[in-house]
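Asks: Heads up, the sequence shown is in our numbering, so the first residue is 55 and it goes up one at a time.
Built from N, CA and C at the ideal position, the CB exists for glycine as well.
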Amino acid sequence: MPVVAPEYHQAFLGKDARFDGRFVAGVNTTSIYCKPSCCTKKPAAENVVFFDTPAEAEAAGFRACRKCRPDAMPGTPAWNGTSATVSRALRLIEDGVLDRTNIDALCERLGVGARQLRRLFRKHLGTSPIQVARMRRADFARRLIETTSLSMTHIAEAAGFGSIRRFNAVMNEVYGCPPTALRKGSVHGAVGLELEITVRRPFAWDALLSSLEASATPGVEKVAEGRYHRTARFKRAVGEVCVSFDEAGSVLRVRVSHSLSSYLLDVVSGVRRLFDVEADVAVIKEHLAGDPLLAPCLRTAPGLRVLGAFDHFETAVMTLLGQHVGAEELAELGKRITEKYGQAIDTSLDGLTHVFPTPYALSTAHLEAVGVPKRRSKSIQALAKAVHEGVLRLDGSPSLDEALCGLRAIPGVGTTTADYIAMRVYREPDAFPANDRRLRTVASLNGGALAAHELEALAERWRPWRAYAAMCLWETARCNGTASSTYFQGNRDTITPPAPEQVA
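Now the structure itself:
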């Protein structure tokens with residue numbers, strides 16, 4: 055039977071693929087049902103009904119949309135359906151998995167066979183995973199041709215082509231002309247590796263930059279002169295990334311050191327995640343702006359995004375490290391860890407000195423030596439070991455339920471911490487760390503602090519965008535001077551300390 059859930063309509067309007075697999079929408083005027091991300095024109099609200107599963111929609115007399123093919127989805131919150139498998143595969147391809155490995159490795163991470171994955175892609179998208187990856191490489195190469203002065207050989211390598219011959223053939227096939235023809239007449243005054251990422255207006259660059267500045271990992275990240283700088287590592291390559299916002303062109307300008315030129319796709323994916331480029335802020339604002347708690351922030355910082363993670367592991371570690379401590383102590387601990395276990399690097403900016411430690415480096419590290427409390431040290435060590443051994447993936451390949459289960463298996467990681475990591479690392483738009491003490495304080499109207507269950511109840515009206523509501527509340531706290539950053543602060547009531555036998 056139809057489900058009455060106002061948050062479903064908001065997700066449906068937003069065409070947000072992160073909700074695919076959770077519900078389907080039936081259109082009464084056409085008797086067709088679609089998944090949330092369907093690209094067709096959205097019908098009037100009174101003509102739409104929602105169902106938890108495709109089976110329920112079909113039982114009510116609706117038939118599957120031929121464009122988005124929602125009929126393969128079971129519609130469970132765990133995203134276990136075939137359409138969800140394709141969605142997860144697309145996220146991994148977008149993050150460059152097929153540039154580094156083959157189709158079999160992708161299938162292993164998804165838990166499906168190569169033949170099954172090809173069949174699912176053909177059914178849902180009408181193409182193959184290899185074709186999707188090829189188009190992604192071609193599009194990225196075109197942007198490099200038009201916006202940089204790199205040689206064609208360098209562009210072919212940076213875009214993931216195995217040879218210049220293959221590069222020429224694919225570009226000819228996709229664009230109907232040789233790569234050199236794409237450069238003729240284009241404006242590419244940028245010297246070196248400068249890329250552009252288009253963003254939707256409005257874009258709250260100043261608010262995001264303030265949060266990044268206050269929570270930056272010393273030596274790894276720095277905000278200076280309106281730009282975000284950081285070091286980065288991809289396999290054995292290390293280098294520097296600088297991001298600025300061009301308001302007139304509505305683009306993020308990303309400058310990348312030449313040492314990372316073979317990993318430009320990875321850099322772009324990281325920047326897109328960090329600044330939540332995919333968010334449809336107009337739809338989100340429409341849903342949240344009527345709330346008196348959130349409206350002031352949405353007026354002063356329109357286009358506020360949920361900060362993501364350029365480096366999944368780094369963000370997860372800093373989240374664990376930041377439990378129960380202030381910004382200054384967190385920065386000092388982060389600096390000590392980075393200097394002792396990270397890799398030193400020469401950069402163009404004073405203050406950028408190291409690349410964040412690898413999972414392997416921290417899996418055997420005794421962080422008590424640099425001042426990290428023993429229990430938290432054991433938690434970080436366990437997280438690093440799980441990531442290094444592949445037991446826990448932070449790259450979006452597991453379903454949300456699998457990810458949360460894996461996080462909670464780490465000693466010292468409770469529900470609130472896991473929800474915050476889900477917000478930033480797994481890009482979960484409805485995650486909400488309800489026991490964060492700053493959220494509970496800002497949401498209170500009497501000067502005290504709400505209980506976690508009271509805030510949970512209050513936040514129900516913000517679904518399915520509770521992560522964005524959390525960012526609004528944190529930004530409000532920062533603007534009011536009650537916090538130094540838009541950053542998570544855990545609470546001992548829900549951050550479960552590891553038992554002695556767990557950390558022995």
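Return the residue from the list Arg255, Met225, Lys439 that minimises the CA-CA distance to Met206.
Replies: Met225
Asks: Against chain D, with Cβ distances strictly below 7 Å, would Pro483 count as a contact?
Replies: Looking for chain D here will not work: only one protein chain is present.
Asks: Between which two residues does the beta strand (DSSP E) containing Lys276 stretch?
Replies: 275 to 278
Asks: My output table needs one value for Ala79: the three-state DSSP class, helix, strand or coil.
Replies: strand
Asks: Roughly how many whole angstroms lie between the Cα atoms of Ala398 and Ile464?
Replies: One alpha carbon belongs to Ala398, the other to Ile464, and they sit about 29 Å apart.
Asks: When DSSP builds the beta bridges, which residues end up paired with Phe288?
Replies: Ala291
Asks: At a cut of 8 Å, does the segment 519 to 530 reach the segment 339 to 348 through at least three beta carbon pairs?
Replies: Short answer: they touch.
Asks: Based on Cα-Cα distance, which residue from Ile338, Ala423, His366, Ala505 lies nearest to Val441?
Replies: His366
Asks: Can you give me the C-alpha to C-alpha distance between Met477 and Leu262, rounded to a whole angstrom?
Replies: Cα-Cα distance, rounded: 15 Å.
Asks: Quick check: what's the CA-CA separation for Ser298 versus Asp455?
Replies: 35 Å
Asks: CA-CA distance, Gly450 and Glu393?
Replies: 29 Å
Asks: Run through DSSP, which three-state label would Phe299 get?
Replies: strand
Asks: Starting from the C-beta of Ser311, find all residues in its chain whose C-beta is less than 6 Å away, skip the five residues before and the five after it, and write them out in chain order.
Replies: Gly293, Glu294
Asks: Drop a sphere of 10 angstroms on the beta-carbon of Lys276, count the other beta-carbons inside from all chains shown, and report buried for 16 or more, exposed for fewer.
Replies: Only buried fits Lys276, as 16 or more other CB atoms lie within 10 angstroms of its CB.
Asks: Name, in chain order, the residues that DSSP records as bridge partners for Glu250.
Replies: Arg307
Asks: Pick from Ser323, Ala99, Glu382, Val308: whose alpha carbon is nearest that of Ala268?
Replies: Considering only alpha carbons, the answer is Glu382.
Asks: Under 8 Å Cβ to Cβ from Leu358, same chain only, skipping five residues before and after it: list those, please.
Replies: Ala258, Ala261, Leu262, Val335, Cys351, Leu352, Tyr522, Met525, Cys526, Glu529
Asks: So what's Leu504 in DSSP terms, helix, strand or just coil?
Replies: In the structure shown, Leu504 sits in coil (DSSP, three-state: anything other than H, G, I, E or B).
Asks: Using DSSP with H/G/I as helix, E/B as strand and the rest coil, what is Ile86?
Replies: strand
Asks: Using a Cβ-Cβ cut-off of 6 Å (strictly less than) and excluding sequence neighbours within five positions of Ser498, which residues of its own chain qualify?
Replies: Once the five neighbours on either side are set aside, the close Cβ partners of Ser498 are Leu504.
Asks: Just to confirm the assignment, what range does the alpha helix (DSSP H) spanning Val479 have?
Replies: Note, Val479: premise wrong, no alpha helix (DSSP H); not H, not E.
Asks: Cα separation between Ala187 and Ile157?
Replies: 10 Å
Asks: Relative to the alpha-carbon of Val424, which residue among Ala363, Ala138, Thr271, Tyr395 has its alpha-carbon at the smallest distance?
Replies: Tyr395
Asks: Could you say which of Ala485, Ala109, His63 lies nearest to Asn101 if we only look at CA atoms?
Replies: Taking Asn101 as reference, the option from Ala485, Ala109, His63 with the minimal CA-CA separation is His63.
Asks: Would you say the segment 477 to 491 touches the segment 506 to 523, given that touching needs at least three Cβ pairs under 8 Å?
Replies: In short, these stretches touch, since the Cβ pair count reaches three.
Asks: Rounded to a whole number of angstroms, what is the C-alpha to C-alpha distance between Leu249 and Arg307?
Replies: 6 Å
Asks: Where are the alpha helix (DSSP H) runs, 4 residues long or more, that stay fully inside the segment 366 to 407, in chain order?
Replies: 366 to 375, 381 to 395
Asks: Answer with buried or exposed for Ala212, where buried requires no fewer than 16 other C-beta atoms within 10 angstroms of its C-beta.
Replies: buried
Asks: What whole-angstrom Cβ distance do Phe105 and Tyr87 have, given they're in contact under 8 Å?
Replies: 7 Å
Asks: Whole angstroms is fine: what's the gap from Phe116's alpha carbon to Asp70's?
Replies: 22 Å
Asks: Based on Cα-Cα distance, which residue from Val103, Ala79, Ser85 lies nearest to Cys93?
Replies: The option with the nearest alpha carbon to Cys93 is Ala79.
Asks: If you draw a straight line from the C-alpha of Phe77 to the C-alpha of Ala111, how long is it?
Replies: 10 Å
Asks: For Arg374 and Leu387, which I take to be in contact (beta-carbon distance under 8 Å), what is that distance rounded to the nearest angstrom?
Replies: Per the sequence presented here, residue 374 reads as Leu, with Arg not at that position. Actually they are not in contact, since the Cβ atoms of Leu374 and Leu387 sit about 11 Å apart, beyond 8 Å.
Asks: Please report the straight-line C-alpha distance between Arg191 and Ser141, rounded to a whole angstrom.
Replies: 19 Å
Asks: Can you tell me whether Val166 is buried or exposed? The criterion is at least 16 other CB atoms within 10 Å of its CB, across all chains shown.
Replies: buried
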